[in-house]
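Working notes, beginning with the structure itself.
Number of protein chains: 4
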Amino acid sequence: MLVVMQQDATEAQIRAVIDRLVDLGFTVHRSTGVLHTVLGGVGPVDDIDIAVFEAMAGVKECHRIVSPYKLASRFFRPQGTIVKVGNVEIGGPKLVVMAGPCSVESEEQIEEAARIVAEGGAQILRGGAFKPRTSPYSFQGMGEEGLKIMRAAADRHGLLMISEVMDASQLPLLLKYSDILQIGARNMQNFNLLREAGKVSKPVMIKRGIAATVEELLLAAEYVMSEGNYNVMLCERGIRTFETATRNTMDVSAIPVVKKLSHLPMIGDPSHGTGRRDMVLPMARAAVAAGADGLIVEVHPDPDRALSDGAQTLNPGQFAEMMAQVRAVAAAIGRAA
Amino acid sequence: MLVVMQQDATEAQIRAVIDRLVDLGFTVHRSTGVLHTVLGGVGPVDDIDIAVFEAMAGVKECHRIVSPYKLASRFFRPQGTIVKVGNVEIGGPKLVVMAGPCSVESEEQIEEAARIVAEGGAQILRGGAFKPRTSPYSFQGMGEEGLKIMRAAADRHGLLMISEVMDASQLPLLLKYSDILQIGARNMQNFNLLREAGKVSKPVMIKRGIAATVEELLLAAEYVMSEGNYNVMLCERGIRTFETATRNTMDVSAIPVVKKLSHLPMIGDPSHGTGRRDMVLPMARAAVAAGADGLIVEVHPDPDRALSDGAQTLNPGQFAEMMAQVRAVAAAIGRAA
Amino acid sequence: MLVVMQQDATEAQIRAVIDRLVDLGFTVHRSTGVLHTVLGGVGPVDDIDIAVFEAMAGVKECHRIVSPYKLASRFFRPQGTIVKVGNVEIGGPKLVVMAGPCSVESEEQIEEAARIVAEGGAQILRGGAFKPRTSPYSFQGMGEEGLKIMRAAADRHGLLMISEVMDASQLPLLLKYSDILQIGARNMQNFNLLREAGKVSKPVMIKRGIAATVEELLLAAEYVMSEGNYNVMLCERGIRTFETATRNTMDVSAIPVVKKLSHLPMIGDPSHGTGRRDMVLPMARAAVAAGADGLIVEVHPDPDRALSDGAQTLNPGQFAEMMAQVRAVAAAIGRAA
Amino acid sequence: MLVVMQQDATEAQIRAVIDRLVDLGFTVHRSTGVLHTVLGGVGPVDDIDIAVFEAMAGVKECHRIVSPYKLASRFFRPQGTIVKVGNVEIGGPKLVVMAGPCSVESEEQIEEAARIVAEGGAQILRGGAFKPRTSPYSFQGMGEEGLKIMRAAADRHGLLMISEVMDASQLPLLLKYSDILQIGARNMQNFNLLREAGKVSKPVMIKRGIAATVEELLLAAEYVMSEGNYNVMLCERGIRTFETATRNTMDVSAIPVVKKLSHLPMIGDPSHGTGRRDMVLPMARAAVAAGADGLIVEVHPDPDRALSDGAQTLNPGQFAEMMAQVRAVAAAIGRAA
């Protein structure tokens with residue numbers, strides 16, 4: 002149930018609608034747009050007679066939402082969401098780039114990486130301190146020490162930082178150091194983690210699971226948003242198909258599909274999307290051309306010595322070249338970069 | 002690194018090999034078979050000269066294991082694993098059936114379900130108290146109250162019980178009530194949960210993720226086993242493909258493939274595997290014919306009123322028919338049922 | 002549009018209905034069952050008022066068929082189709098086995114294969130004389146010479162024969178030698194070939210394409226049937242998924258799904274379905290347990306020297322063992338073998 | 002086996018190498034580049050001692066090609082292939098656009114479509130006269146009459162034309178009217194058709210099958226090229242995955258992957274790639290940004306009345322907008338449009 006208030010609706014009128022929704026058993030989410038306030042009512046059933054609300058003072062229109070996600074739906078915020086972190090706006094006119102190594106490995110490595118990232122003109126430093134690894138015997142990340150040195154490196158270079166939280170128990174640690182919380186593809190349906198991430202205020206980036214439909218991705222966002230945290234962005238990072246030429250198949254079309262169905266910013270990850278260093282550049286261009294609000298890519302001072310994901314990681318020269326090219330593509334479709 | 006001891010190796014000889022492995026940085030897992038003790042050495046590298054061990058007293062042979070999983074490998078326990086729970090043996094000659102509703106909904110429902118399950122000759126009652134649901138607005142399960150009434154119903158009917166743990170924080174509760182812990186498909190790569198499940202002694206059943214390869218499933222088992230819990234069984238419950246006639250595509254071939262690669266018991270789930278009540282019976286027969294050690298199926302006193310998964314749930318008559326037919330197929334391939 | 006005639010409908014009444022259907026622009030297909038004659042009317046539109054027909058003398062009931070396939074639908078022949086070839090009935094109570102080498106390679110090889118197949122109790126010799134090969138540089142088959150020596154070998158051992166037709170231009174040759182025409186997975190949507198195969202009277206077995214849905218498979222059958230050839234059987238031989246442990250993923254559930262949606266016989270191919278010799282036996286059992294009317298498997302006197310598909314081909318001992326085991330499973334589910 | 006001749010190799014030296022290759026049982030394909038002549042030797046085995054050739058006069062270097070395709074390999078023509086049709090060059094610096102309706106339906110429709118296509122600045126008119134349809138009851142195309150009126154419309158507007166050939170028997174007809182022969186996704190492994198298309202001189206565009214790997218696509222090209230027709234281009238038009246938000250999943254990464262592995266031009270088809278009109282524009286931009294040499298898109302004067310594929314067909318305004326945007330993206334990556 003979505004109630005769109007008139008442009009000149011008073012706070013009292015808005016309150017009255019909220020109260021009515023609550024009386025009927027709905028949880029109410031409020032979104033204040035430039036022109037209209039929109040009230041999202043989430044309830045166990047959606048079969049209320051909407052005429053009841055359309056007749057109320059200050060109400061412009063009322064919609065029954067049949068998609069399984071409501072707060073993540075484009076209807077809830079037709080103007081789109083801009084996630085603000087520090088002085089960076091994700092989902093606005095300017096393309097945002099997050100870059101850095103797969104794993105934080107040492108102070109020298111992350112310092113060097115941060116320098117490359119900042120010089121290339123990216124705004125956000127990425128890097129994992131807790132690593133989800135398919136094998137229990139692979140490098141599992143540096144933990145808090147990794148977060149600490151990453152924070153310091155980001156600060157030295159005027160960058161924001163994003164890092165992955167693998168379990169609800171790690172949330173306090175991540176909140177202490179990181180500006181954006183990443184929920185990885187393997188955890189896209191870790192519903193406990195999603196709920197807990199919905200109770201914090203820092204922005205969350207949810208990566209699409211390798212076998213998740215776009216609808217399931219939006220429902221994952223709904224889990225976070227239904228707990229009150231609307232600072233959500235989504236990320237396409239490749240799905241699993243029969244093709245083996247690339248490690249995953251980057252579903253570039255998911256970018257415009259999500260942008261149409263939802264108001265949330267959409268990030269493209271050509272590093273995981275292809276798993277091949279030589280494919281990152283063309284697929285970064287493709288993601289931007291398809292309408293991505295940002296990119297997240299892996300770059301390492303010396304990719305061939307990276308402890309994880311080296312095969313898909315750019316070297317500094319490749320990263321600089323990518324930044325130049327994606328800026329040109331962004332400009333071509335009327336976007337700042 | 003696997004060291005197979007001679008049949009008449011003494012405890013002192015075994016200890017000497019263990020000490021040597023530990024000195025070289027290996028974690029040692031010990032498996033005592035009918036004829037041979039096998040020592041599994043898991044280390045950061047696998048490039049030790051195995052001749053060192055082959056020369057030691059009491060050693061029969063020594064293998065460098067190149068598969069990414071070691072403890073889950075068939076080589077570690079060539080004779081196969083039998084998971085013992087109460088008086089039930091899973092992985093032995095007798096086919097084991099786990100059955101019950103998708104969700105525990107009420108005392109009456111679970112009591113009636115337990116009666117049907119026991120009368121049909123199944124040994125283990127299934128039912129979820131914590132439900133992973135794609136939408137945050139769907140029924141999420143009864144929680145501890147559900148576990149409590151399920152335990153009571155199982156006990157009244159002489160059944161064991163299996164129930165899903167969705168997060169490491171729920172482990173103490175599940176351990177209190179349930180005989181077997183189920184780790185669901187969405188959590189197959191929730192590595193934190195897998196590790197924690199490796200620290201308990203109760204048996205764990207891991208369901209294959211809908212986009213997980215057999216190798217990744219075995220690596221999930223490796224996570225649990227590497228922490229010391231060898232009471233692991235695996236479950237095929239359908240993978241995601243392009244076909245829409247069934248909700249998932251049950252990869253029946255994963256059953257003999259896992260049985261060949263690993264010593265762990267393998268369970269077939271034709272309910273989730275197909276998502277269609279009318280396909281459960283033929284696919285239960287197929288799973289048993291392919292060599293499954295057991296089945297897990299959904300049955301409900303009144304499936305059309307089930308709060309979840311009703312479309313794939315058998316009614317009591319269909320369940321009785323299935324039990325009769327899978328017994329006949331099991332007997333045909335030389336298996337008790 | 003399906004018109005079911007009454008049990009005692011006269012030929013004149015049946016003719017009257019046919020004439021009426023033809024007047025309305027329908028092409029009429031007639032199926033004579035034990036109790037009822039069913040008339041399938043296929044037209045450009047399906048929005049005729051069915052009351053017109055229900056009022057006619059001798060008509061029992063009338064259905065508008067909304068599935069995209071009509072003649073292949075179970076409704077058209079509720080009793081099921083039995084394809085008769087020589088003294089073999091496919092789709093009846095008895096399990097039928099087709100076996101032989103992937104390719105006809107020499108007179109000695111096919112003679113030896115035919116002997117093994119006949120001794121094992123199978124009824125039909127399989128073997129390709131025209132081979133669809135992914136690479137233009139692979140062995141492409143012996144052509145007519147291969148068909149000739151295969152026919153002779155089949156006759157010597159009292160077997161029927163099935164062989165693949167790759168192109169409409171090869172039809173006359175295949176019709177000259179083979180009892181059953183096989184249309185391969187890559188040609189499942191070669192509509193020209195399907196139509197031409199619909200104009201002959203010999204039985205046709207259509208293999209499911211590796212990315213074809215069950216609905217598309219039934220529509221391929223509809224192409225053949227709409228030209229008048231109702232002697233069609235279908236074959237599940239594995240679909241392409243992300244899993245690499247087997248060459249394809251054998252969709253065993255397609256067997257009961259097709260049996261429910263259609264009246265056509267359904268064959269399982271565990272050789273192509275798995276691509277692994279060691280998986281053919283368990284998956285042959287699974288296919289039979291799931292309700293397959295027959296099996297098609299690759300067997301070769303010396304698989305390691307086969308010119309194609311050796312990795313998935315049984316040796317003579319494995320074939321004999323498979324025959325014994327599938328007979329036991331067939332008996333367990335009430336089927337002769 | 003690839004033999005690269007020196008820049009100043011004489012014709013006699015080249016002939017000597019060819020003769021030697023032929024003596025050893027190779028079929029020889031010759032490619033004359035700006036600097037070097039390359040000889041591709043295709044034989045039953047590839048284990049000849051290459052030193053034999055390296056020692057011959059005029060030979061620069063010699064490579065054993067281990068990929069299953071040889072003529073389609075980038076090594077065969079490192080400089081890339083430009084397919085010339087009339088005054089259009091496909092694979093050169095300029096982006097080429099093929100556009101038109103799915104099916105030729107009438108003289109008025111194709112005339113109007115041609116006008117729109119030409120005004121938009123595209124060079125090639127697309128349209129099907131023979132339509133592969135999943136159902137035998139769907140519109141199957143106008144046949145020769147369709148080709149005739151399409152040819153006339155193309156000529157009136159100064160356009161080239163491309164149309165699909167579904168079966169080898171249709172080749173003479175297509176050759177009479179069409180400038181480029183399209184081999185559709187369902188026929189990508191119709192090896193008979195591929196071979197016959199290799200015997201003509203007109204350019205062939207092969208569309209990737211919905212479950213075909215990139216390697217299989219290149220092997221399809223190899224079938225055509227091995228018969229002598231090197232005027233081949235390839236087309237990505239979406240693969241079949243679990244995602245249902247789009248009809249297919251357009252594998253944009255296949256574009257740079259093919260460009261790296263092969264010298265053949267690569268075309269993107271965002272119409273079939275997505276199956277949704279509203280996704281054609283962003284995915285056309287993405288394909289160009291990823292490096293496509295051209296696009297093929299469906300446009301119709303009145304898409305909602307199209308006899309086939311209307312849901313994915315642009316209207317004239319959308320087509321004009323797309324042309325403007327892809328030109329901007331092409332320019333941004335240094336390509337003319």
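Residue numbers (the numbering used here), protein chains in the order written: chain A, 2 to 338; chain B, 2 to 338; chain C, 2 to 338; chain D, 2 to 338.
Every residue, glycine too, gets a C-beta built ideally from N, C-alpha and C.
All of these numbers come straight from a predicted model, not from anything done at the bench.
- Around B:R134, the same chain offers F140, Q141 and S309 as residues with beta carbons nearer than 8 Å, after the five sequence neighbours per side are excluded.
- Residues of chain A with a Cβ closer than 7 Å to the Cβ of C:R277 do not exist, since the nearest Cβ in that chain sits about 17 Å away.
- Ranked by how close their Cα comes to the Cα of D:A153, the residues D:P283, D:Y178, D:M2 and D:F192 have D:Y178 in first place.
- Using a Cβ-Cβ cut-off of 8 Å, D:Y138 counts as an interface residue toward chain C, since at least one Cβ of chain C sits closer than that to its own.
- Only residues of its own chain outside the window of five on either side were considered, and among them F131 have a CB closer than 7 Å to the CB of C:Q171, listed in chain order.
- Around C:I268, no beta-carbon contact reaches into chain B at under 7 Å, the shortest distance being about 15 Å.
- Burial of C:R238 is indicated by the presence of at least 16 other C-beta atoms within 10 angstroms of its C-beta.
- If you draw a straight line from the Cα of C:Q190 to the Cα of C:E223, it is about 11 Å long.
- Between A:L265 and the set A:M226, A:G59 and A:L161, the nearest pair of CA atoms involves A:M226.
- Taken through DSSP and simplified to helix, strand or coil, D:R134 comes out as coil.
- In this structure, C:A325 and C:A331 do not form a Cβ contact; the two beta carbons are roughly 11 Å apart against a cut-off of 8 Å.
- A contact between stretches requires three or more CB pairs, one per stretch, nearer than 8 Å, and the segment 93-108 of chain A meets this requirement with the segment 122-129 of chain A.
- Non-local C-beta neighbours of A:I19 in its own chain, meaning closer than 7 Å and more than five positions away in sequence, comprise V29 and L40, ordered along the chain.
- Among the residues of the segment 135-161 of chain B, those with a Cβ less than 7 Å away from any Cβ of chain A are T135, S136, P137 and Y138, in the order of the chain.
- By the neighbour-count criterion, in which 16 or more other beta carbons inside 10 Å mark a residue as buried, C:A58 falls on the exposed side.
- Taking a contact as a CB-CB distance under 8 Å, the pair C:P317 and C:I117 counts as one, their CB atoms being some 5 Å apart.
- In the displayed model, A:K71 falls within coil according to three-state DSSP, outside both helix and strand.
- For the segment 210-233 of chain B, the set of positions with a beta-carbon nearer than 7 Å to some beta-carbon of chain A reads I211, A212, E217, L220, E223, Y224 and S227 in chain order.
- At a C-beta separation below 8 Å, D:E244 has these neighbours in chain A: T214, V215, I240, D252 and A255.
- Looking at C:E299, C:Q80 and C:H37, the one whose alpha-carbon comes closest to that of C:G129 is C:E299.
- Put simply, the CB of D:D168 is near chain C, with a gap under 8 Å to one of its CB atoms.
- For C:A337, the pairing in a beta bridge is given by DSSP as C:K95.
- Judged by DSSP secondary structure, C:K177 falls within the alpha helix (DSSP H) whose first and last residues are L172 to Y178.
- Cβ contact annotation for D:P94 (same chain, cutoff 8 Å, sequence separation greater than five): R336 and A337, in chain order.
- Secondary-structure assignment with DSSP links C:S272 through no beta bridge to anything.
- Counting along the chain, the unbroken beta strand (DSSP E) around A:K85 starts and ends at V84 to V86.
- With the criterion set as a beta carbon lying under 8 Å from some beta carbon of chain B, the members of the segment 285-319 of chain C are R286, A287, A288, V289, A290, A291 and G292, in sequence order.
- Only residues of its own chain outside the window of five on either side were considered, and among them A186, I240 and R241 have a CB closer than 6 Å to the CB of B:I211, listed in chain order.
- Apart from the 5 residues on each side of it in sequence, D:A213 sits with its Cβ closer than 6 Å to the Cβ of M189 in its chain, given in chain order.
- Annotation for B:L182: the continuous beta strand (DSSP E) segment containing it runs I181 to I184.
- In summary, D:L148 is buried, with 16 or more beta-carbon neighbours lying within 10 Å of its beta-carbon over all protein chains present.
- Here B:N88 is exposed. Its C-beta has fewer than 16 other C-beta atoms within 10 Å.
- DSSP places D:K208 in the strand class (E or B) of the three-state scheme.
- With a cutoff of 8 Å on beta-carbon distance, C:V215 and C:V259 are scored as near each other.
- In this structure, DSSP gives B:A58 a state outside helix and strand, which the three-state scheme calls coil.
- Within the same chain, and ignoring the five residues on either side of D:F77 in sequence, the residues whose Cβ sits closer than 7 Å to its Cβ are L3, S32, V39, G41, K71 and H264.
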